[in-house]
Amino acid sequence: MYCGGVAPPHYHYDYAVHDDHHHDYHSQHEERKHHDVKGKYELLQPDGRKRIVEYVAGKHGADYKVRYEGHSHHGGIGSQGIEG
10 MYCGGVAPPH YHYDYAVHDD HHHDYHSQHE ERKHHDVKGK YELLQPDGRK RIVEYVAGKH
70 GADYKVRYEG HSHHGGIGSQ GIEG
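Heads up: the sequence shown at position 44 corresponds to 53 in my numbering, and the numbers run straight through without jumps.
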């Protein structure tokens, strides 16, 4: 159903970053159809664990599920700082 001649929102996208120099590893996928959005993103945290967030959202709110993979390492990736 069109409202005021404007098409309802509909999109999808995904991307990924794998940067060994800066230890930056993350990705995201999201899609939307009308009021409903669902997606997932992952990132490698400085402590070495991977954080995975899956989400859905709509007219009545949002729900996020967060989980972790791997083990935390004291200091972790990136703890030495970034050399310029």
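Just so you know, even glycine gets a beta-carbon here, dropped at the ideal spot from N, CA and C.
This one's a predicted model, so the numbers in the text were calculated from it and none came from an experiment.
CA-to-CA distance, residue j to residue i, given in whole angstroms
{"i": "residue 25", "j": "residue 15", "result": "31 Å"}
{"i": "residue 40", "j": "residue 49", "result": "10 Å"}
{"i": "residue 82", "j": "residue 52", "result": "15 Å"}
{"i": "residue 61", "j": "residue 68", "result": "24 Å"}
{"i": "residue 66", "j": "residue 20", "result": "14 Å"}
{"i": "residue 92", "j": "residue 30", "result": "Any answer about residue 92 is weak, because its pLDDT of 43 lies below 50 and its placement is not dependable; what the coordinates show is given next. Distance between the alpha carbons of residue 92 and residue 30: 9 Å."}
{"i": "residue 95", "j": "residue 80", "result": "There is simply no residue 95 to check, as the chain begins at 10 and stops at 93 in what is shown."}
{"i": "residue 70", "j": "residue 56", "result": "31 Å"}
Cβ neighbours of residue i in the same chain (closer than 7 Å, five flanking residues each side left out)
{"i": "residue 63", "result": "49, 74"}
{"i": "residue 44", "result": "67, 68"}
Neighbourhood of residue i by C-beta, 6 Å cutoff - its chain only, sequence neighbours within 5 removed
{"i": "residue 76", "result": "61"}
{"i": "residue 27", "result": "34"}
{"i": "residue 78", "result": "59"}
{"i": "residue 72", "result": "65"}
Continuous beta strand (DSSP E) stretch holding residue i: start and end
{"i": "residue 56", "result": "Careful: residue 56 lies outside any beta strand (DSSP E) and carries neither H nor E."}
Assigned exposure category for residue i - 16 Cβ within 10 Å defines buried
{"i": "residue 22", "result": "exposed"}
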